[in-house]
Amino acid sequence: MADAFVLGSRPVYTGTHVTRRQDDALLSGRGAYVADLRRDDMAEIAVVRSTVAHGRIAAIRTAEAAAVAGVIAVITAADLTDVSPYPNFASAYTQTPGTFPLAQDKVRYVGSPVAVVLAENRYIAEDAAELVEVDYEELPAVTSLEDALDPDSPRLFEHWPNNRLLDLQPDDSEAAAILAGNRVLRRRYKMGRHTAMPMETRACMAEVRDGRLHLWCTNQHAHIARTTLSYVLPMAERDIRVVIPYVGGGFGLKQHLYPEDVVASWLALRHGRPVRFVEDRAEHMIAAAHARDHMVDIEAAIADDGRILAMRVQVVQDLGSAEIFPGAWCPALTTAAHMTGPYDIGHCAVSVAAVATNKTPGGSYRGFGVPEAVFALERFIDEIAAEVGVDRLDLRRSMLLQSEDLPYKTASGALLDSGSFAESFEKVVELGEAAHRRAAAQHGTDQQSRVGVGYAVLFEGVSPTHHGASAHWAGHESCSIEVLPDGGVRVASGVTDQGQGTTTFVATLAADALGVPIETVEVELADSDSTPYGLGAFGSRQAVIGGGALLLAAGEVRDKVKRIAAHMLEATEDDLVIEAGRVHVAGSPEPAVTMAAIATRAVIRTMDLPPGMAPGLEATARYEPELMEHVPDERGRINASASYANAAHAAVIRVDLGTGEIEILDYILAHDCGRVINPPIVDGQIWGGIAQGVGGALYEDLRFNDLGQPQTAFMDYLMPSALEMPEVVIKHFESPSPNTPLGMKGVGEGGTVGPAAAIGNALAHALAEFNPQIRETPLSPAVVRAMIPDRGAAT
Amino acid sequence: MSAPAARRVEPVAEVPISVTVNARAVEAVVPARQLLADFLRDDLRLTGTHVGCEQGICGACTINLDGEPVRSCIMLAAQVDGSSITTVEGLASEGLSPLQQAFKDNHGLQCGFCTPGFLMTLATVDPDEYPGTDGIREAISGNLCRCTGYGGILQAVRTAWNRVEDG
Ligand code: FES
Ligand code: FES
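Residue numbers (the working numbering), protein chains in the order written: chain A, 4 to 798; chain B, 145 to 311.
Here it is in structure tokens:
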């Protein structure tokens, strides 16, 4: 990568465990999340939500609710006369849901916001919300993606020709020709519906000060949220400030600008009082974005030794009602982009459909389409091995990309410029086989259980374009750095922190890039008034893209520091080093000038600057990766990410033949995210990602009945506790990307995308004697029991 | 959720309570239906007690009531009359307690939303009753964390309980 992206002369923090600066506040209960904010004259809202999955709104009666003492207003869509629907920038290739903050005419899922009560407090607002009566003319509900694909199914949106929001059929003639001349294997895989379920629900507080709207919210992007509000409210963007305080986990779910954010803002503007919304968990289950719910059909031409010669794939994503912004079809495109895995599969044509159903809108969730691809492909490879009679590990070896194959462009267009695909795989095989032998020795004589080991190897696009999701924003990030007269440093960036440690990496890289003590670096994030326009948190991008912007800004500041110091020391710039906030000639620590003396000269005693030098010691930079593409070519190929991390997973499991329960005995992961900034933070991302992957693979399931009524309460939504989560062995590989700042690649999702595949393959291995069909998640005990002869009947 | 404030709604029964919170005596008149979590968070401004589910499942709202861990989201403020409560704000008189410090040193938190609940659960636990790492898993099994996958939390507790050899 160009020399612009370098740390300073003596980096001391990067690559070490810098403890996080917010932890003192968080550990002692002093960190203020949105729900902790309060104003004396604050009012609160409660949302009246649709109780039917599909219906026409015949009447809404609000008078009784409005008469309750303490109720300030009850509003419906009809009141929002000055509000615009959420925009659709992808209308060239998608249908438009025309999403409006409150339901107009129709409701399309249980939980859809229909009316909002503003009251003195939430207790009163909830009481009054119960008095709002809504009459629905119910319509038949579409509750599965199979139904939604049926052209005769009831339509959710009358102005669409069918229920397909997106329907892309790229030219597949090349793959088809190869399929025609070879042995073909076909399989269908499905990943169930689950969701991010951050421990903090969604929340916002809107307040009008001096005629400007200030919105504190749990969104992952201060600037995208501000711009979106300006479109929808509509309102001048300069009159809006979005602030994101401490956030209790985002995982993608908080990428969307939800209706409540708009309505709370509108009410604050209209009534002149601060308005707070804090979602309760029951609402969260039906009104915050769901995810996954994909079906992947693979047809592949197979060589005699099992190698995949060409694939034709159809990905279908169930979008729920699709009433969400940014739109949620992009996971299906991401699935398509990952269908070849890190294998040398020369031909892969993927068609993609995203369909609307009468369920909670799907949205983003960590992994974002990649777990679906990995589950389908890695299960498929094990199934090929079984079908053809070759070893599943050797089959992978025969197709895996080797270092000498790199850089490699996949059939889907991803540019894999670096990676340790084969090496990381061999590492987890070595550890996984050993763990499996131990497990077999320990449990092998137990007639009531079986043990098995399964593997998954994958690459994962990280730091992607936003364009796939929004068809609007692209992929840059920003950073401003200012050195204050006392030598302290202020860093402001468009990246945001939902707990992943963003603040810490910003401080770490800034301190090393400028050569100052980390304690002297103040980090400002997630306030649209005080940070430069950036895109915030999604797609494991922040270290790579945010780090790139930071290094560019720091480089400019560093150069100027050296120029001023050279003048003061009467030395040449090239001979100078900056460390611990002092600049001196390399090899001789004295004489030295301090950052304070340099900055004082730069902004106060500017008459002492070198002749002709402009005052100031600050820089703002933006970084947009050159190789990242934003729109696919005519064959659907796109290099949508600035970099690609890779990982190999191994799961060793024990299956109880009586109960069908799966216990994970060992979980091994080899991960490669290039240069590591903070090892414990990287490991924490991996552990947390695996926990979410394990949850989706085994337990978490959002079910709906045929009427579209949600069937999963929070109590039934089984997220792994410490008892279900195995001990994890993590092995790090570092293959720096030649195309990213410092060779970094994102780490946020590598843990999440593999568990369903690894555990599914382990289950197939454990139950091989029964020849089970493992093609869906979650692999709940009931599903597993059904794979075991004589046990299937039991429930 | 906040308690009825200035403008009253309909007659809501009110109950006087006296309770010790973080070693401070508190006298209050609370609406009979007010949740303990809301009383702590909204009336006393002790917002370190977090509400993740309001259903007694996630453990985020755990506080100590007369030395026992309880979920403040499924108790009424009126029920704690005469009791003594500790919240996360009362865990250390200054700085961090050894357990809090161990969470910091071992990256035992990410977003920190669940953390007060874990700390308050662990504050009442006798380590001897929960041997080994499996014991620690058992001790915290009623608290959900969505960020850490529990790895950093287990390491923090091992450190605080001098069980690093188990790791
Ligand atoms: S908020 Fe009390 S247990 Fe979840
Ligand atoms: S640290 Fe975020 S939920 Fe535990």
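For every residue, glycine included, the Cβ atom is placed at its ideal position computed from N, Cα and C.
Here the structure is a predicted model, which is why all the values come from computation and not from measurement.
Residue closest to Glu212 of chain B, alpha-carbon to alpha-carbon, out of B:Val224, B:Gly252 and B:Ile201: B:Val224
Please list the segments of the beta strand (DSSP E) lying wholly inside the segment 160 to 228 of chain A, counting only runs of 3 or more residues, in order along the chain. 167 to 171, 186 to 197, 206 to 212 and 215 to 220
Measuring only the C-alpha atoms, how far is Glu772 of chain A from Ile791 of chain A? 9 angstroms
Secondary structure of Val265 of chain A, DSSP reduced to three states: helix
Quick one, are the C-beta atoms of Ile680 of chain A and Tyr626 of chain A less than 7 angstroms apart? no
Helix, strand or coil for Ile777 of chain A? Go by DSSP, reduced to three states. coil
At a CB-CB cut-off below 9 angstroms, which residues of chain B make contact with Val731 of chain A? Gly293 and Gly295
Which whole-angstrom value is the C-beta distance of Phe428 of chain A and Val460 of chain A, which I expect to be below 8 angstroms? 5 angstroms
Contact the segment 635 to 648 of chain A vs the segment 168 to 182 of chain A: 3+ CB pairs below 8 angstroms: yes
My guess is that Arg177 of chain B and Val195 of chain B are in contact by the Cβ rule of under 8 angstroms, so how many angstroms apart are they, rounded? Not quite, the Cβ-Cβ distance comes to about 16 angstroms (not below 8 angstroms), so this is no contact.
At a Cβ threshold of 7 angstroms, is Thr360 of chain A touching chain B? no
Closest Cα partner of Ala294 of chain A within the set A:Ser268, A:Val355 and A:Met194: A:Met194
Interface positions of the segment 261 to 285 of chain B facing chain A (Cβ-Cβ less than 8 angstroms), listed along the chain: Leu263, Thr277, Ile280, Arg281, Glu282, Ile284 and Ser285
Shorter than 6 angstroms, the distance from the beta carbon of Ile284 of chain B to the closest heavy atom of ligand 1, or not? no
Taking the alpha carbon of Pro628 of chain A as the point to measure from, which residue in A:Asp138, A:Met747, A:Ala389 and A:Pro592 has its own alpha carbon closest? A:Met747
Looking at the strands, I want to know which residues DSSP matches up with His587 of chain A. A:Val580 and A:Ala595
Under a CB-based cut-off of 7 angstroms, is Asp793 of chain A close to chain B? no
Whole angstroms are fine: how far does the CA of Thr230 of chain B sit from the CA of Trp305 of chain B? 21 angstroms
Is the shortest distance between the beta-carbon of Ser724 of chain A and the beta-carbons of chain B less than 7 angstroms? yes
Between Met145 of chain B and chain A, is there a C-beta pair that is closer than 7 angstroms? Note on Met145 of chain B: pLDDT 42, under 50, position unreliable in the model; no value is reported.
Nearest to Leu802 of chain A by alpha carbon, out of A:Tyr96, A:Ala95 and A:Ala118? No information on residue 802 of chain A is available, as it lies outside the stretch 4 to 798 that chain A covers here.
Coarse secondary structure for Tyr670 of chain A, derived from DSSP in three states: strand
Endpoints, the alpha helix (DSSP H) within which Gly687 of chain A is located: Pro682 to Val697
Tell me the rounded alpha-carbon separation between Ser644 of chain A and Leu745 of chain A. 16 angstroms
Inspect the beta-carbon positions of Lys769 of chain A and Val454 of chain A and report whether they are closer than 7 angstroms. For clarity, residue 769 of chain A is Ala in the given sequence; the question names Lys instead. Yes, these two residues count as a Cβ contact at 7 angstroms.
If you run the structure through DSSP and keep just helix, strand and coil, what is Thr17 of chain A? coil
Beta strand (DSSP E) runs contained entirely in the segment 15 to 62 of chain A, provided each spans 3 or more residues: 46 to 52
Beta carbon of Val456 of chain A, beta carbon of Ala765 of chain A: below 7 angstroms? yes
Does the beta-carbon of Met254 of chain A, which I'm using as the reference point, lie nearer than 6 angstroms to any heavy atom of ligand 2? Met is not the amino acid found at residue 254 of chain A; the sequence shown has Phe there. Checking every heavy atom of ligand 2 against the Cβ of Phe254 of chain A, none is found closer than 6 angstroms.
With a cut-off of 7 angstroms, does the C-beta of Glu233 of chain B fall near any C-beta of chain A? yes
CB-CB length for Ala694 of chain A against Pro723 of chain A, believed under 8 angstroms: 5 angstroms
Is Leu30 of chain A near Phe247 of chain B, with beta carbons less than 7 angstroms apart? yes
Can you tell me whether Thr448 of chain A is buried or exposed? The criterion is at least 16 other CB atoms within 10 Å of its CB, across all chains shown. exposed
Under the rule that 16 or more other beta-carbon atoms within 10 Å means buried, what is Ser162 of chain B, buried or exposed? exposed
Go through its chain and collect everything with a Cβ distance to Ser339 of chain A's Cβ below 6 angstroms, but skip five positions before and after it. In the sequence as displayed, the identity of residue 339 of chain A is Ala instead of Ser. So the qualifying residues of the chain are Val318, Val353 and Val355.
Considering only their Cβ atoms, is the gap separating Val245 of chain A from Ser53 of chain A smaller than 7 angstroms? no
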